[in-house]
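Chains C and R supply the protein sequences, listed in that same order.
Under my numbering, the first sequence is numbered contiguously, ending at residue 772.
Under my numbering, the second sequence is numbered contiguously, ending at residue 327.
A quick write-up on the structure given underneath.
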Amino acid sequence: MLTVYMSDPARQTAGNLGQDTADLQNRFIQEHMRRVFLIIYRIVGNVADAQDLTQEAFIKVLQRSEQLKDPEKAAHWLSRIASNTAIDFLRRHGRVNFTEIDSLVEPLVSDHEYNPEQSLLRRERAERLEDGLRLLTVKERTALILRDVEDVPAEEVARQMNCSMATVRSHIANARIKFRRYLERKKA
Amino acid sequence: MKHPSVEKLALYDGGELSWLDHLILRRHVTGCAQCQAEVEMFRGAAVAVREETEEIPAGVQWDRLAAEMRANIRVGIAASDAISAYGKPNDAGPVQGMPWRMAVLTFGLVLMVTVGYWLNAVKKSEQIAAMRPPDPVVAEASERGVGMSDGSKELVLQSPKTNVRAAIVTVSTVGSAGARYVDEDTGQITVNNVYVE
């Protein structure tokens, strides 16, 4: 039986050997969770799937904790895993499901968290983006998010999406044209 | 004047065109107000996408969602550690061909170190017992369960089955103890953690 006396925190046990790794993992999760969730959410289009896939992406990366020694590389690797996980998910399910947040079984909604004005503004902006992204095909949306939001080079986008550079260029161009026209219509 | 296609204009600012196409387009765009306006509109749309994708979806309570995801990730990693630790051979292979003199020497050394360690440990435990404050809160973990006690009261989370032994047992000085079990029959993973506050 291993025992730790709380009155003397300086004492170390064999159970503490993984503490540094755990701290490193917690910091890594804290730093990148929002970004990763948003990448995945913008690709798959609904909160529940984005939550599951975000968890999956982090677990995949943190299973190989030696990767965390180089934080920059690990962050880059995490982005790749995140977008690949989302793309694989859409490929497996062959669908794009834009579940409305209000229709989630247990909505993660807080009506009183923000002031009404700020909340309305955020809702309008998010809805405008989501409506615009909804006009794009899965491939166009994925290419647009990776290239224009995540700033992934076009060659890397092609690799991740498993298609040629010409195809990726076409997806990116179509996505930008559709989105721009959508914004113009909104303004008009 | 012949204008470039809208697809090329959409790719112009993002740098996805070949250098030759880019050069040709740049020459045209510099002298054409209409195409310049087109490029400007694509630039504005790209900024809008970037800005708006930084927003958490409307209505999502991020703090709560993030806390839930963090907890699930920790359980996932714990389960993955338990699976990889399960079935890992504990003993190294048998030592072959060790000469008897070496065996006697090794035995002597081991005996000497053990006796020395035991004498030292007895002395230290007497010192610790003298210094220890009355009834400290302790977190404990073994292959059979995790728990904590303060001398008079005790809380123990036992192994889910009597024949299941923990694949991983951890104790930390910040006041937590954990045991992870893998059920050989069902493959079910149980993670028990206790935290002293």
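For glycine and all other residues, C-beta sits at the position ideal for the given N, C-alpha and C.
Beta carbon proximity, residue i to chain C, threshold 8 Å
| i | result |
| --- | --- |
| Val136 of chain R | yes |
| Gly246 of chain R | no |
| Leu235 of chain R | no |
| Leu287 of chain R | no |
| Val312 of chain R | no |
| Ala196 of chain R | yes |
| Val190 of chain R | yes |
| Leu150 of chain R | no |
| Glu256 of chain R | no |
| Ala140 of chain R | yes |
Closest residue to residue i among the options (Cα-Cα distance)
| i | options | result |
| --- | --- | --- |
| Ile665 of chain C | C:Met617, C:Glu711, C:His677 | C:Met617 |
| Tyr142 of chain R | R:Ala163, R:Phe172, R:Gly161 | R:Phe172 |
| Val169 of chain R | R:Glu181, R:His152, R:Glu184 | R:His152 |
| Ile319 of chain R | R:Ala163, R:Val159, R:Ala212, R:Glu146 | R:Ala212 |
| Glu650 of chain C | C:Val733, C:Thr605, C:Thr638, C:Asn668 | C:Thr605 |
| Ala307 of chain R | R:Asp313, R:Val321, R:Ala197 | R:Val321 |
| His133 of chain R | R:Met261, R:Gln166, R:Asn250 | R:Gln166 |
| Val722 of chain C | C:Leu662, C:His660, C:Val752 | C:Val752 |
| Gly174 of chain R | R:Arg310, R:Phe237, R:Asp193, R:Ala140 | R:Ala140 |
| Glu734 of chain C | R:Glu181, R:Asn202, R:Phe237 | R:Glu181 |
| Glu146 of chain R | C:Leu674, C:Tyr625, C:Ser754 | C:Ser754 |
| Val299 of chain R | R:Ala176, R:Gly238, R:Ala209, R:Asp193 | R:Ala209 |
| Arg769 of chain C | C:Asn746, C:Val741, C:Asp715 | C:Asp715 |
| Phe763 of chain C | R:Glu198, R:Val177, R:Glu185, R:Met232 | R:Val177 |
Chain-ordered neighbours of residue i on chain R, where CB pairs are closer than 9 Å
| i | result |
| --- | --- |
| Ile665 of chain C | Neighbours of Ile665 of chain C on chain R: none; closest Cβ ~13 Å, over 9 Å. |
| Gln609 of chain C | Ile203, Arg204, Ile207 |
Residue i vs residue j beta-carbon contact at 8 Å
| i | j | result |
| --- | --- | --- |
| Leu717 of chain C | Arg725 of chain C | yes |
| Arg729 of chain C | Ile627 of chain C | Per the sequence presented here, residue 729 of chain C reads as Ile, with Arg not at that position. In contact: Ile729 of chain C and Ile627 of chain C (Cβ atoms closer than 8 Å). |
| Gln744 of chain C | Ile643 of chain C | no |
| Gln614 of chain C | Leu646 of chain C | no |
| Gly275 of chain R | Leu285 of chain R | no |
| Asp732 of chain C | Val179 of chain R | yes |
| Ala710 of chain C | Pro187 of chain R | yes |
| Val620 of chain C | Leu662 of chain C | yes |
| Ala309 of chain R | Ala271 of chain R | yes |
| Phe612 of chain C | Leu652 of chain C | yes |
| Ala136 of chain R | Ile623 of chain C | The question names Ala, but residue 136 of chain R is Val in the sequence shown. Result no, Cβ atoms of Val136 of chain R and Ile623 of chain C do not sit closer than 8 Å. |
| Tyr766 of chain C | Leu719 of chain C | yes |
| Ala738 of chain C | Ala759 of chain C | no |
| Val324 of chain R | Met278 of chain R | yes |
| Gly206 of chain R | Gln639 of chain C | yes |
Cutoff 8 Å: residue i Cβ touching any chain R Cβ
| i | result |
| --- | --- |
| Asp604 of chain C | no |
| Gln651 of chain C | no |
| Leu767 of chain C | yes |
| Phe763 of chain C | yes |
| Thr721 of chain C | no |
| Leu728 of chain C | yes |
| Ala710 of chain C | yes |
| Val628 of chain C | no |
| Arg731 of chain C | yes |
| Ile624 of chain C | no |
Contacts that residue i makes with chain C (C-beta to C-beta distance below 7 Å)
| i | result |
| --- | --- |
| Ser210 of chain R | Ile643, Gln647 |
| Ala175 of chain R | Arg760, Phe763, Arg764, Leu767 |
| Met199 of chain R | Met617, Gln635, Thr638, Gln639 |
| Glu146 of chain R | Ala738, Arg753, Ile756 |
| Met171 of chain R | Arg764 |
| Ala178 of chain R | Leu767 |
Chain-ordered chain R contacts of residue i [CB-CB under 7 Å]
| i | result |
| --- | --- |
| Val672 of chain C | The residue you asked about is not Val; residue 672 of chain C is Asp in the sequence shown. Within 7 Å Cβ-Cβ: nothing; Asp672 of chain C doesn't reach chain R, min ~17 Å. |
| Gln550 of chain C | Past the edges of chain C, shown from 585 to 772, lies residue 550 of chain C, and the structure says nothing about it. |
Within chain C, the residues that residue i reaches when beta carbons sit closer than 8 Å
| i | result |
| --- | --- |
| Val324 of chain R | Here the premise fails: no neighbours, minimum Cβ distance about 11 Å. |
| Glu182 of chain R | Arg709, Ala710, Arg712, Leu713 |
CB contact check: residue i to chain A, cutoff 8 Å
| i | result |
| --- | --- |
| Glu284 of chain R | You won't find chain A in this structure, because its protein chains are C and R. |
Proximal residues of chain C, C-beta to C-beta of residue i below 9 Å
| i | result |
| --- | --- |
| Ala163 of chain R | Going along chain C, no residue has its Cβ under 9 Å from Ala163 of chain R, so there is no contact; the nearest lies around 18 Å. |
Original post:
Residue ranges of each alpha helix (DSSP H) run of no fewer than 4 residues wholly in the segment 170-246 of chain R, ordered along the chain?
Top reply: 192-215
Original post:
What are the uninterrupted segments assigned as alpha helix (DSSP H) that are 4 or more residues long and contained completely in the segment 701-755 of chain C, given in chain order?
Top reply: As far as the segment 701-755 of chain C is concerned, its whole alpha helix (DSSP H) runs of at least 4 residues are 722-728, 738-745.
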